[in-house]
Structure formats: C-alpha cells, structure tokens
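Only one structure is covered here, and it is reproduced in the block below.
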Amino acid sequence: MFLIHFVRAYALAAYKTDNLTDMRQAVTGLTAIVDIEMDFNVKFCADWDLSEAKMKALPEAAETIVYTRYVLERGLSGDLLDLHVALAPCIIGYLEMGSYFKDQVINTPLVLGSKCMLRMNIKN
236 MFLIHFVRAY ALAAYKTDNL TDMRQAVTGL TAIVDIEMDF NVKFCADWDL SEAKMKALPE
296 AAETIVYTRY VLERGLSGDL LDLHVALAPC IIGYLEMGSY FKDQVINTPL VLGSKCMLRM
356 NIKN
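If you count the sequence shown from 1, you need to add 235 to reach my numbering.
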C-alpha cells in the first residue's frame with residue numbers, strides 16, 4: 236500500500252508543477268516506482284509466499300496511513316515544495332540505506348531501491 240500512495244504523491248507532483256522539467260522528473264520517479272519498485276516488491280513477497288492478492292487483502296498499517304496521508308495532504312493543501320519536503324524523509328532514508336548496503340549485498344530490496352532512486356535522478 237505504501238508504494239501505491241507514494242506513486243500518487245509523484246502523480247500529484249506532476250500535476251502541481253508549472254514547468255516541463257519538473258513534470259518530467261515527477262513522471263520519471265512515478266514510472267520508476269511503478270515499473271521497477273512495485274514489481275520487485277511483489278516478486279520479493281512472493282518468495283515469502285505472500286501473493287499480490289494476499290497483500291491486497293491485508294489491512295493497511297497505521298504507520299503507512301499516517302505518513303502517506305500526511306504527504307498527500309501537504310501536497311494537496313500546499314505547493315510543490317511542501318510535497319517534496321513531506322516526501323524527503325522517506326526518499327533520503329531509503330537512499331541512505333541503499334547506499335550503505337549496495338556494496339555488501341546484491342539484489343536486496345535496499346540495493347534495488349537505491350537503483351530505482353538513481354533512475355529517478357535522486358543522488359546522495
């Protein structure tokens with residue numbers, strides 16, 4: 236569920252922008268999450284016998300609800316900067332973890348997430 240709301244936030248960023256450069260960046264991020272990160276997470280969970288259908292049936296965690304609704308609310312009520320500031324803790328933290336583990340472990344969620352962030356043109 237988290238990634239679905241994260242994609243919505245990137246779609247909101249594309250909507251809120253007033254120039255083509257920022258719109259392209261938002262769409263690049265959205266596409267990387269949908270085409271790389273979501274597929275990886277579904278496959279990773281399947282290795283633990285957690286199908287996509289089972290994931291959809293699970294209740295959304297309270298932490299996910301609180302954070303993602305906060306991000307979306309800031310994006311809806313504020314400007315593009317407000318949205319990016321609300322997204323920053325997750326993006327920065329995820330990239331830091333991926334950067335830390337990239338040389339130690341191959342094909343973990345953190346390493347692949349770091350590659351996803353690099354594709355989104357987010358660098359540490």
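For every residue, glycine included, the Cβ atom is placed at its ideal position computed from N, Cα and C. These numbers come from a predicted model, not from an experiment.
Threshold first: 4 residues or longer. Then list the alpha helix (DSSP H) segments lying entirely within the region 266-316, N to C.
273-281, 287-292 and 297-312
Distance, residue 325 Cα to residue 359 Cα:
Looking up residue 359 in the sequence shown gives position 124. Looking up residue 325 in the sequence shown gives position 90. Residue confidence for residue 359 is low, a pLDDT of 46 falling below 50, so the modelled location carries little weight and cannot support an answer.
Reference residue 232, options 284, 260 and 277, closest by Cα
This structure leaves residue 232 out entirely; the chain is present only between 236 and 359.
When you compare the CB positions of residue 310 and residue 249, do they come within less than 8 Å of one another, or not?
Here residue 310 refers to the residue found at position 75 of the sequence shown. Here residue 249 refers to the residue found at position 14 of the sequence shown. Against a cut-off of 8 Å, the Cβ pair of residue 249 and residue 310 comes out as no contact.
With C-beta atoms as the reference, is residue 247 less than 8 Å away from residue 318?
In the sequence shown, residue 247 corresponds to position 12, counting from 1. In the sequence shown, residue 318 corresponds to position 83, counting from 1. In contact: residue 247 and residue 318 (Cβ atoms closer than 8 Å).
How about residue 280 and residue 290: do their beta carbons lie closer than 8 Å?
Position 45 of the sequence shown, counted from the start, is the residue given in the question as residue 280. Position 55 of the sequence shown, counted from the start, is the residue given in the question as residue 290. Yes. Within cutoff.
Please classify residue 301: is it buried, with 16 or more other beta-carbons within 10 angstroms of its beta-carbon, or exposed?
Taking the first residue of the sequence shown as 1, we reach residue 301 at position 66. Answer is exposed; the Cβ neighbour count stays below 16.
So what's residue 236 in DSSP terms, helix, strand or just coil?
What you label residue 236 is simply residue 1 of the sequence shown in a count that begins at 1. Of the three classes helix, strand and coil, the one that applies to residue 236 here is coil, per DSSP.
Does DSSP classify residue 253 as helix, strand or coil?
Translated into positions along the sequence shown, residue 253 becomes position 18. Three-state DSSP puts residue 253 in coil, outside helix and strand.
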